[in-house]
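Trainee:
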Amino acid sequence: MRPAATMCRMNITQLRNATVVVAYDDCRILIDPMLADQGAIPPFKWLTGQRRRNPIVPLPDGTAEHLASVTHALITHCRKGHVDHLDRAGTRWLRERGIPVLCMPDDADFLRKRGLKVQVLNAEGATPFRNGHITPIPCLHGEGWIGRLMVHGHGYYIEQAGEPSLYIAGDTVLTDDMRRCITERKPDVSIVPAGGAAMDFGAELIMDDEQVLALAALGSGAFIANHLEALDHCPVPRSVLRQQAREQGLAQRLLVPDDGQTLSFVR
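UniProt numbering applies: residue 1 is where the sequence shown begins, and numbers increase by one.
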């Protein structure tokens with residue numbers, strides 16, 4: 001599935017880090033809204049020579065226009081301080097507009113206590129949504145002792161009649177669940193984390209460039225890399241990932257959008 005020049009059925013706009021807008025004809029889904037101003041969130045790494053507050057970049061020009069048409073939000077995980085997926089600014093924006101927030105059962109009470117309009121998805125299988133379904137895919141948000149401290153959350157496989165299928169991976173390292181999703185469900189488009197996030201100690205919390213390239217090699221659809229150049233603990237640069245994709249013959253399928261860029265797809 002390559003970007004479509006015309007007659008687009010699904011538009012995907014990369015805003016910043018994990019925050020994405022997925023646009024269908026009559027539905028706009030905001031994924032994991034971190035809407036804080038640059039520097040409003042403390043660092044995730046404290047033992048580096050130069051601490052940087054997060055996000056390390058502002059939201060791109062045009063963000064307000066993309067947000068204005070949002071009809072739903074979809075949260076991969078948000079408890080235990082995961083402000084890079086739902087921060088105070090994002091919570092306030094959703095609450096003030098009464099946007100329906102789709103989430104897993106484990107996150108429902110957390111979101112309700114913040115005054116959000118929650119719609120709980122089925123944890124064990126597909127949930128009907130519009131003219132299709134949303135199916136959760138488990139995440140593994142780090143391995144070893146650091147993984148035991150994390151909320152692992154879920155990604156989502158979204159099917160809509162007549163439109164490209166979409167896999168949103170969430171915060172995860174490469175797992176067998178992901179491999180099965182790619183090889184068995186064969187999503188037309190997959191949005192995957194590529195920043196190689198790590199704290200001061202412990203293993204990586206999400207996929208890095210090598211794992212993203214390995215996953216892309218398994219599938220035939222398009223892959224969109226995000227979680228890049230927005231937080232202090234995500235070291236992978238876009239330029240490196242793009243170069244590696246070219247070297248491995250994946251540049252036409254592994255897409256690395258800039259913040260604010262929209263990619264369009266048809267089935």
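From the three backbone atoms N, C-alpha and C, an ideal C-beta is built for every residue, glycine too.
Whole alpha helix (DSSP H) runs in the region 21-74 with 4 or more residues, listed along the chain?
Mentor: Counting whole runs of 4 or more residues, the region 21-74 contains the alpha helix (DSSP H) stretches 63-68.
Trainee: Per DSSP, what kind of secondary structure is residue 223 in: helix, strand or coil?
Mentor: As a working mapping, residue 223 is identified with position 223 in the sequence shown. The answer is strand: DSSP assigns residue 223 an E or B state.
Trainee: Looking at C-alpha atoms only, which residue of 181, 155, 36 and 190 is the closest neighbour of residue 87?
Mentor: Numbered from 1 along the sequence shown, position 87 holds the residue referred to as residue 87. It is 36.
Trainee: Is the Cβ-Cβ distance between residue 233 and residue 194 less than 8 Å?
Mentor: Along the sequence shown, one-based indexing puts residue 233 at 233. Along the sequence shown, one-based indexing puts residue 194 at 194. Not a contact, by the Cβ cut-off of 8 Å.
Trainee: Between residue 121 and the rest of its own chain, which residues show a CB-CB distance below 7 Å, the 5 nearest in sequence each way excluded?
Mentor: Here residue 121 refers to the residue found at position 121 of the sequence shown. Taken in chain order, the residues that qualify are 102, 103, 104, 127, 134 and 136.
Trainee: Residue 192: which of 9, 19 and 89 sits nearest, CA to CA?
Mentor: As a position in the sequence shown, residue 192 is number 192, starting the count at 1. Considering only alpha carbons, the answer is 19.
Trainee: Can you give, in chain order, each stretch of the beta strand (DSSP E) that sits fully within the region 113-197 and has at least 3 residues?
Mentor: Qualifying beta strand (DSSP E) stretches, in chain order: 117-120, 127-129, 132-138, 154-160, 166-168 and 189-193.
Trainee: Please state whether the Cβ-Cβ distance between residue 33 and residue 94 is less than 8 Å.
Mentor: If you number the sequence shown from 1, residue 33 lands on position 33. If you number the sequence shown from 1, residue 94 lands on position 94. Their beta carbons are under 8 Å apart, which means residue 33 touches residue 94 by this criterion.
Trainee: Which same chain residues, not among the five before or five after residue 123, have their C-beta less than 7 Å away from its C-beta?
Mentor: What you label residue 123 is simply residue 123 of the sequence shown in a count that begins at 1. Closer than 7 Å at the Cβ level, and outside the excluded window around residue 123, lie 104, 105 and 136.
Trainee: To the nearest angstrom, report how far apart residue 27 and residue 48 are at their CA atoms.
Mentor: Translated into positions along the sequence shown, residue 27 becomes position 27. Translated into positions along the sequence shown, residue 48 becomes position 48. In a straight line, the C-alpha of residue 27 is about 42 Å away from that of residue 48.
Trainee: Determine the extent of the beta strand (DSSP E) in which residue 14 is found, giving its start and end residues.
Mentor: Numbered from 1 along the sequence shown, position 14 holds the residue referred to as residue 14. 10-16 is the extent of the beta strand (DSSP E) around residue 14.
Trainee: Considering Cα atoms alone, identify which of 17, 66, 60 and 62 is closest to residue 29.
Mentor: Walking along the sequence shown from the start, residue 29 turns up at place 29. Out of 17, 66, 60 and 62, 66 has the C-alpha closest to the C-alpha of residue 29.
Trainee: Cutting at 6 Å between CB atoms, please list the residues of its own chain near residue 256, excluding the five before and the five after it.
Mentor: Indexing the sequence shown from 1 puts residue 256 at position 256. Once the five neighbours on either side are set aside, the close Cβ partners of residue 256 are 225, 238, 241 and 242.
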